[in-house]
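Student: Below you'll find the structure I mean.
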DNA sequence: TCCAGAAATTATCAACTGATAAATTATCAC
DNA sequence: GTGATAATTTATCAGTTGATAATTTCTGGA
């Protein structure tokens, strides 16, 4: 008998089915859903949820785990550091993989909704970017420019900040598409290449002036 | 008698007090608050809310109106177009005013929460950026580069996209601070100048290559 | 075929929630 | 002071909600 035609699923299958369905459901409805609404949409009785999930929060926690799990490939950082390709090509390759992973309705909406509810949930993921990937990208562009990156705490902060601005623009495309419900261009590859070009050109050229910006900090106000 | 010591406020004052309090409250708690929680926090009875607001949704609508109202200064676009200053200076001036308006906990959190709930709410505001400000910024940088901006539908889209990436990085600082609860550098002026520098330098330099990106679209896949 | 055990549903509860009506309390003009 | 009026609270309700217990239905092996 095909599993899909069964009325009584194996416990493991049913749990997986509920979880997958709940991810789509919560992505659409946000965190204000009720357990009855979820059960009705899935076509099972509401108490059945409590056979597989201790309570509503337990279900949400498992949703977060499932959505964030395995969306981050540790190989990305190694590839970014691989100087056999130009920094432009490396950034294009990384951003192609990164956007493929995160420009997903469920991922974007659940990420934002969960962060709004409790920033702790997304902290680990964001820490990975902030502590590892961003310093790496800045350092690699600095190497491309043939300039020593400016040093000091304020310079480090500014460097991270510049990369944040660049990097977040791709995540933000997901926000525009799946939260604002705007249309975004469908040729993502074109946009990645154009933005990488603007970013690398700009950072290479302005890198020598960064020290100056720091020195002038606060002077103009 | 000072109004703050009164027990029975004038209707207009009470309505304003509830609305202001509710804005802070909803910014913190999100849209899952109950009318009792709001009333308790404010120190009034729950039915009192219904004297001033028809129902829960009516209160939310008035919150949105109050938060989004007058956060957008129509003079900004005119200033961006005023070529008596360099494009860098104009962008710095604009972004200083813009960030001052929107890097506010209530604004950021209610903007995101309401967009997540119903994208219609933020549509008008975002349309203003997309239709008016972004094309203007791109055109002004093109003029700075002394290059005719590339033409055609795809070029327009790409141009808007590049500016989206730049512009959104400032809004996104608010997301980082008030939603992710990350620390962001306190010297905003420094960041604005550095990012404007990277952006203008990069766009001026890569502008002549944009046509090439478009021509190559899809070729590399 | 039949039944033991697992899977799912029905029935139910206490607490919560948005909303309304009735009763109470403060304010102010006279 | 006093009473008319507006502001606020208390009491209350019907529908909802998360969760549990009791009951029923299905599945697969002997």
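Protein chains in written order, with the working numbering: chain W, 1 to 221; chain B, 1001 to 1221.
Backbone N, C-alpha and C fix where the C-beta goes; we use that ideal spot for every residue, glycine too.
Predicted model, so just to flag it, every value in this text is computed and none were measured.
Output needed for residue 220 of chain W: all residues of its chain with C-beta closer than 6 Å, excluding positions within five of it in sequence on either side, in chain order.
Tutor: Within the first chain, numbered from 1, the residue matching residue 220 of chain W stands at position 220. Low per-residue confidence applies at residue 220 of chain W: pLDDT is 46, beneath 50, and the placement is therefore not dependable, though the value from the model is reported in the following sentence. Counting only Cβ-Cβ distances below 6 Å, and skipping sequence neighbours, we find nothing.
Student: Which residues of chain W have a Cβ atom closer than 8 Å to the Cβ of residue 1199 of chain B, listed in chain order?
Tutor: Here residue 1199 of chain B is taken as the residue at index 199 of the second chain, counted from 1. Residues of chain W passing the Cβ test: 198 and 202.
Student: Determine, for residue 1058 of chain B, whether the minimum Cβ-Cβ distance to residues of chain W falls below 8 Å.
Tutor: As a first step, residue 1058 of chain B must be located in the second chain, where it is residue number 58. Not closer than 8 Å to any Cβ of chain W, the Cβ of residue 1058 of chain B fails to qualify, so no.
Student: Which of helix, strand or coil does DSSP assign to residue 1085 of chain B?
Tutor: By one-based count along the second chain, residue 1085 of chain B stands at place 85. If DSSP states are grouped into helix, strand and coil, residue 1085 of chain B belongs with coil.
Student: Can you list the residues of chain B that residue 179 of chain W reaches, using a CB-CB cut of under 8 Å?
Tutor: Residue 179 of chain W sits at position 179 when you count from the first residue of the first chain. The answer, in chain order, is 1112, 1115, 1116 and 1119.
Student: Check residue 2 of chain W in the structure and name its three-state DSSP category.
Tutor: The count along the first chain starts at 1 and reaches residue 2 of chain W at position 2. For residue 2 of chain W, the predicted structure reports a pLDDT of 47, less than 50, and the residue's modelled location is therefore unreliable. A value from the coordinates is still provided. Three-state result, residue 2 of chain W: coil.
Student: Going by other Cβ atoms of all chains shown within 10 Å of its Cβ, with 16 needed for buried, is residue 1084 of chain B buried or exposed?
Tutor: Within the second chain, numbered from 1, the residue matching residue 1084 of chain B stands at position 84. By the 10 Å Cβ count, residue 1084 of chain B comes out exposed.
Student: Residue 1206 of chain B: buried (16+ other C-beta within 10 angstroms of its C-beta) or exposed?
Tutor: Walking along the second chain from the start, residue 1206 of chain B turns up at place 206. By the neighbour-count rule (16 or more Cβ atoms within 10 Å), residue 1206 of chain B is buried.
Student: Taking only beta-carbon positions, decide if residue 182 of chain W is within less than 8 Å of chain B.
Tutor: Counting from 1 along the first chain, the entry for residue 182 of chain W is found at position 182. Yes, residue 182 of chain W lies at the interface with chain B (some Cβ there is under 8 Å from its Cβ).
Student: Listing by chain order, which chain W residues have their CB less than 8 Å from the CB of residue 1064 of chain B?
Tutor: By one-based count along the second chain, residue 1064 of chain B stands at place 64. Within 8 Å Cβ-Cβ: nothing; residue 1064 of chain B doesn't reach chain W, min ~15 Å.
Student: Among B/1068, B/1194 and B/1021, which one has its Cα closest to the Cα of residue 215 of chain W?
Tutor: Within the first chain, residue 215 of chain W is the residue found at index 215, counting from 1. The candidate whose alpha carbon is nearest that of residue 215 of chain W is B/1194.
Student: Closest by CA to residue 115 of chain W, which one among B/1208, B/1008 and B/1030?
Tutor: Reading the first chain from its first residue, position 115 is the one you call residue 115 of chain W. If we check each option's Cα against that of residue 115 of chain W, B/1030 comes out closest.
Student: Is residue 190 of chain W near residue 1213 of chain B, with beta carbons less than 8 Å apart?
Tutor: As a working mapping, residue 190 of chain W is identified with position 190 in the first chain. As a working mapping, residue 1213 of chain B is identified with position 213 in the second chain. Closer than 8 Å, so yes.
Student: Given that a residue counts as buried once 16 or more other Cβ atoms are within 10 Å of its Cβ, and exposed if not, what is residue 1080 of chain B?
Tutor: As a first step, residue 1080 of chain B must be located in the second chain, where it is residue number 80. Its Cβ being crowded by 16 or more others within 10 Å, residue 1080 of chain B is buried.
Student: Can you determine whether any heavy atom of the ligand ADP sits closer than 7 Å to the C-beta of residue 1133 of chain B, and answer yes or no?
Tutor: Judged by which ligands are present, the structure shown has none, so any question about the ligand ADP falls away.
Student: For the alpha helix (DSSP H) containing residue 1169 of chain B, name the first residue and the last one.
Tutor: Taking the second chain and counting its residues from 1, one reaches residue 1169 of chain B at position 169. For residue 1169 of chain B, the enclosing alpha helix (DSSP H) covers residues 1153–1178.
Student: Using beta carbons (cut-off 8 Å, strictly below), is residue 1152 of chain B in contact with chain W?
Tutor: Locating residue 1152 of chain B in the second chain gives position 152, where the first residue counts as 1. Output row for residue 1152 of chain B: interface = no.
Student: Whose Cβ in chain B lies nearer than 9 Å to the Cβ of residue 172 of chain W?
Tutor: Residue mapping note: residue 172 of chain W aligns to position 172 of the first chain, counting from 1. Result: 1164, 1165, 1168, 1169, 1171, 1172 and 1175.
Student: Please work out which residues of its chain come closer than 7 Å, Cβ to Cβ, to residue 199 of chain W, disregarding the five sequence neighbours upstream and downstream, and give them in chain order.
Tutor: For this step, residue 199 of chain W is matched to residue 199 along the first chain. 166.
Student: Would you call the stretch 1003–1022 of chain B in contact with the stretch 1048–1068 of chain B, where contact means no fewer than 3 C-beta pairs closer than 8 Å?
Tutor: yes
Student: Thinking C-beta only, is residue 1122 of chain B closer than 8 Å to residue 1077 of chain B?
Tutor: In the second chain, counting from the first residue as 1, residue 1077 of chain B sits at position 77. In the second chain, counting from the first residue as 1, residue 1122 of chain B sits at position 122. Going by C-beta atoms, residue 1077 of chain B is not nearer than 8 Å to residue 1122 of chain B.
Student: Listing by chain order, which chain W residues have their CB less than 7 Å from the CB of residue 1122 of chain B?
Tutor: Taking the first residue of the second chain as 1, we reach residue 1122 of chain B at position 122. Chain W residues near residue 1122 of chain B: 180.
Student: Select from W/113, W/152, W/111 and W/96 the residue whose C-alpha is nearest the C-alpha of residue 170 of chain W.
Tutor: For the purposes of this step, residue 170 of chain W is taken as the residue at position 170 of the first chain. Ranking the options by Cα distance to residue 170 of chain W, first place goes to W/96.
Student: Between the Cα of residue 1092 of chain B and the Cα atoms of B/1140, B/1049 and B/1196, which residue gives the shortest distance?
Tutor: Position 92 of the second chain, counting from 1, holds the residue named residue 1092 of chain B. Of the candidates B/1140, B/1049 and B/1196, the one whose C-alpha sits nearest the C-alpha of residue 1092 of chain B is B/1196.
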